[in-house]
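Chemist: Numbering (my numbering), first residue to last: 1433 to 2051.
All C-beta atoms, glycine included, are put in the ideal place defined by N, C-alpha and C.
None of these values were measured; they are calculated from a predicted model.
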Amino acid sequence: MAVRPVSRMLQRVLRSSVRSCSSGAPVTQHRPGEPSQTAAEELSRRRQFLREHAAPFSAFLTDSFGRQHSYLRISLTEKCNLRCQYCMPEEGVPLTPKADLLTTEEILTLARLFVKEGIDKIRLTGGEPLIRPDVVDIVAQLHQLEGLRTIGITTNGINLARLLPQLQKAGLSAINISLDTLVPAKFEFIVRRKGFHKVMAGIHKAIELGYSPVKVNCVVMRGLNEDELLDFVALTEGLPLDVRFIEYMPFDGNRWNFKKMVSYKEMLNTLQQQWPELEKLPEEESSTAKAFKIPGFRGQLSFITSMSEHFCGTCNRLRITADGNLKVCLFGNSEVSLRDHLRAGASEEELLRIIGAAVGRKKRQHAELLLMLQDSPPAIPSISSQDPFRVQGIRHRGSFSNQMILWKGGWVPQTPLLAQRLLGSVCPQRHCSSHLNSDANPKCLSAVSRAPGTPSGPLPTSDQLTHVDTAGRAAMVDVGGKPDTERVAVASAVVLLGPMAFKLIQENQLKKGDALAVAQLAGVQAAKLTSQLIPLCHHVALSHVQVGLELDGTRHAVGIRVSCRARGPTGVEMEALTAAAVAALTVYDMCKAVSRDIVLGEIKLLSKTGGQRGDFQRT
């Protein structure tokens, strides 16, 4: 679908008489004595006209936040000829009966409808799309759709070298190839199948046929392939590749463990140490990738930051599953069956109303992503009594898989052993954040003593205010001469809700959404913004923030506990207190429509360490 050079187009227009077709695009009429224009040339010229005279974007594909969805991903099959460890279990997944999958004609019918409304890019996915017998024919028929600029495919590459010449001839214009290692033995371990050399042959065939760039998708997993980052980037020196490093993401069946995630910033730091001249490239508004290039290299590299820095705000993607369900969000659970309506004889107008309603319900940002809070999440912590962050809650959720639990914004396997270690016993309570100490009280956030604090350490507390000068005016303390030390502070708060609001939070039935998740996010944000909220606070580069929320059924309350950590010349108790207070205020805001009789209280510092005046521990 390449656009012809402008000079050739102008020459043909100048020497041709023109008539109109129903689409409004001019159609060149053949003159006697001239060579007849090929269908491909005519189609290319009409596409150029349509691009230059584009109609207003379809309201059916525009959501309530103004995002225009011009990119459609169509799954051609659920089947795959590999068993990648991060994608599916070794035994595979239950497959939908063939009768319930979209037929070729149904795929093309839906594609035509979406392209007519403004979709200009379609990517074929799977499973593995290249194992579908009629994939070349599907590409060829999609290529005939007026207004469709790009047909792409995402493949594991096993069948690519064999099929790509036919696919290119049919109209395939973009290729993404999945490859997570450059070591053949490791490849076989990751995908549980042989085939490394076939994938490499597919990459070289794509380059040979002129695809540029050839996108190579690499899911980076700690302890498995993060040591190959430099090797992948080195490929871009002489090859027109766009190596795309993808943060390990949670999906059903991939036995998510937070220890495996390598964040974008960690990867970028590794590469900058080797290539300090690495430069950032401009991004398209709806791009999911942060692109970089090493000067002098032929190719480039990118990062897909699905976990650490999501791209919901500019999302322009819709997905149709192999069984015909429309998904407006990859992370969402809601789907609408276009297959059923199509087979029931729905008209084009009825289908558009169904599509428009689904797009209109798309959220600004999916709830699961609200908890992706840290660039480089820690490994599952030990349950040591010396751990300053040990008294936290753990939050059960029903999405993705009932075999997984949400831990600090990520998914970890839910096994009886792990549950016993983290919870002491399996219980139906809702919690939010990381883990419990094995010897901690399950009601740790509600069983808070009201005894006065007991300072400890070499220096007593001061009897002078430190934030005023000799004349009594407000002044910021000069910490320039203080040594950098490791600082940790823990603070807490309690929100007394009353029975009705408590029940709605417990069952996650608030109209505003998930109160615990939103409050957790608000607490983390508040900790990072403390110096902007409290005038005389110094800005602190926090290395770690944890916000834990737990429901206390005996008091109909939410207990909040915050831990902040940083290395620097000043403490982080204000960050911890601000986070606890703002998390409590957020719970109030989420519940105020249900009850105004909500009490915020017990906001206090529980402990701090690392300061010049010694440690503090509330007894």
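According to DSSP, is M1908 part of a helix, a strand, or is it coil?
Modeler: M1908 falls in the coil class under three-state DSSP.
Chemist: Does the region 1715–1732 come close enough to the region 1659–1675 that 3 or more CB-CB pairs lie under 8 Å?
Modeler: Yes, they touch.
Chemist: Compare the Cα-Cα distances from V1791 to each of E1549, C1512, C1519 and C2023 and report the closest residue.
Modeler: Here the closest residue by C-alpha is E1549.
Chemist: Does the beta-carbon of N1765 have 16 or more other beta-carbons within 10 angstroms, so that it is buried, or is it exposed?
Modeler: Burial call: exposed.
Chemist: Helix or strand or just coil, what does DSSP make of K1712?
Modeler: Strand, per DSSP.
Chemist: Determine the direct distance from the alpha carbon of N1591 to that of G1627, and round the result to whole angstroms.
Modeler: The straight-line gap from Cα to Cα measures roughly 10 Å.
Chemist: Which of the three DSSP states is assigned to C1650 in this structure?
Modeler: Here C1650 sits in strand by DSSP.
Chemist: Work out the CA separation of Q2049 and K1914 for me, nearest whole Å.
Modeler: Each residue's Cα considered, the two are about 22 Å apart.
Chemist: At the 8 Å Cβ level, is K1759 part of the contact set with chain B, yes or no?
Modeler: Structure shown: chain B not included; a single protein chain is present.
Chemist: Using the C-alpha atoms, what's the distance from V1615 back to S1881?
Modeler: Reliability fails at S1881, whose pLDDT of 34 lies under 50, so the model's placement of it is uncertain and no value is given.
Chemist: Using a Cβ-Cβ cut-off of 7 Å (strictly less than) and excluding sequence neighbours within five positions of R1654, which residues of its own chain qualify?
Modeler: Once the five neighbours on either side are set aside, the close Cβ partners of R1654 are K1691, K1692, M1693 and V1694.
Chemist: In the structure shown, what three-state DSSP assignment does R1919 receive?
Modeler: Note: R1919 maps to strand in three-state DSSP.
Chemist: Roughly how many whole angstroms lie between the Cα atoms of V1994 and M1932?
Modeler: Approximately 26 Å between the Cα atoms of the pair.
Chemist: Measure from the alpha carbon of L1953 to the alpha carbon of each residue in H1970, V1979 and H1971, then state which is nearest.
Modeler: With distances taken between Cα atoms, L1953 lies closest to V1979.
Chemist: Rounded to whole angstroms, what is the Cα-Cα separation between T1535 and L1661?
Modeler: Going by the C-alpha atoms only, they are around 40 Å apart.
Chemist: Looking at C-beta atoms only, is the number of pairs between the region 1990–2005 and the region 1968–1977 that lie closer than 8 Å three or more?
Modeler: Cβ pair count under 8 Å is three or more, so yes.
Chemist: What's the C-alpha gap between T1753 and F1724?
Modeler: When rounded, the distance between both Cα atoms is 32 Å.
Chemist: Is it a yes or a no for the region 1626–1642 touching the region 1576–1591, going by three-plus beta-carbon pairs under 8 Å?
Modeler: At 8 Å Cβ cutoff, the stretches touch.
Chemist: Per the contact definition of three or more C-beta pairs closer than 8 Å, is the region 1922–1938 in contact with the region 1980–1988?
Modeler: A contact exists between the region 1980–1988 and the region 1922–1938.
Chemist: Looking only at DSSP bridge pairs, what is C2023 linked to?
Modeler: Answer is none; C2023 lacks a bridge partner.
Chemist: Whole angstroms is fine: what's the gap from K1601's alpha carbon to R1564's?
Modeler: Near 18 Å, if we compare the C-alpha coordinates of R1564 and K1601.
Chemist: In the structure shown, what three-state DSSP assignment does I1609 receive?
Modeler: Three-state DSSP puts I1609 in a strand.
Chemist: What did DSSP end up calling S1963 once you bin it into helix, strand or coil?
Modeler: Here S1963 sits in helix by DSSP.
Chemist: Please go through the region 1563–1594 and give each complete alpha helix (DSSP H) segment of 4 or more residues, from N-terminal end onward.
Modeler: Within the region 1563–1594, the complete alpha helix (DSSP H) runs of at least 4 residues are 1567–1574.
Chemist: Could you tell me whether the region 1517–1525 touches the region 1754–1762, where touching means 3 or more Cβ pairs closer than 8 Å?
Modeler: In short, these stretches do not touch, since the Cβ pair count stays below three.
Chemist: Tell me the rounded alpha-carbon separation between P1672 and I1607.
Modeler: C-alpha separation (whole angstroms): 12 Å.
Chemist: If you draw a straight line from the C-alpha of Q1573 to the C-alpha of S1740, how long is it?
Modeler: Approximately 38 Å between the Cα atoms of the pair.
Chemist: Rounded to the nearest angstrom, what separates V1926 and K1943 at their Cα positions?
Modeler: Distance between the alpha carbons of V1926 and K1943 is about 22 Å.
Chemist: Would the region 2034–2044 count as touching the region 1957–1965 if we require 3 or more Cβ pairs under 8 Å?
Modeler: No, they do not touch.
Chemist: If I follow the unbroken beta strand (DSSP E) through Q1732, where does it start and stop?
Modeler: Note, Q1732: beta strand (DSSP E), Q1732 to I1736.
Chemist: Once the 5 residues before and after R1555 are set aside, which same chain residues still bring their CB inside 7 Å of it?
Modeler: Same-chain partners within the cutoff: R1505, G1584, I1585 and T1586.
Chemist: Quick one: residues in its chain with C-beta nearer than 6 Å to the C-beta of K1637, no 5 flanking neighbours on either side, listed in chain order?
Modeler: So the list reads A1593 and L1596, once near-sequence residues are dropped.
Chemist: What does DSSP give as the partner residues of M1383 in its beta bridges?
Modeler: A query on residue 1383 cannot be resolved here, the shown segment of the chain reaching from 1433 to 2051 and no further.
Chemist: How many Å lie between V1382 and S2039 at the Cα?
Modeler: Nothing can be reported for residue 1382, as the shown portion of the chain is limited to 1433 through 2051.
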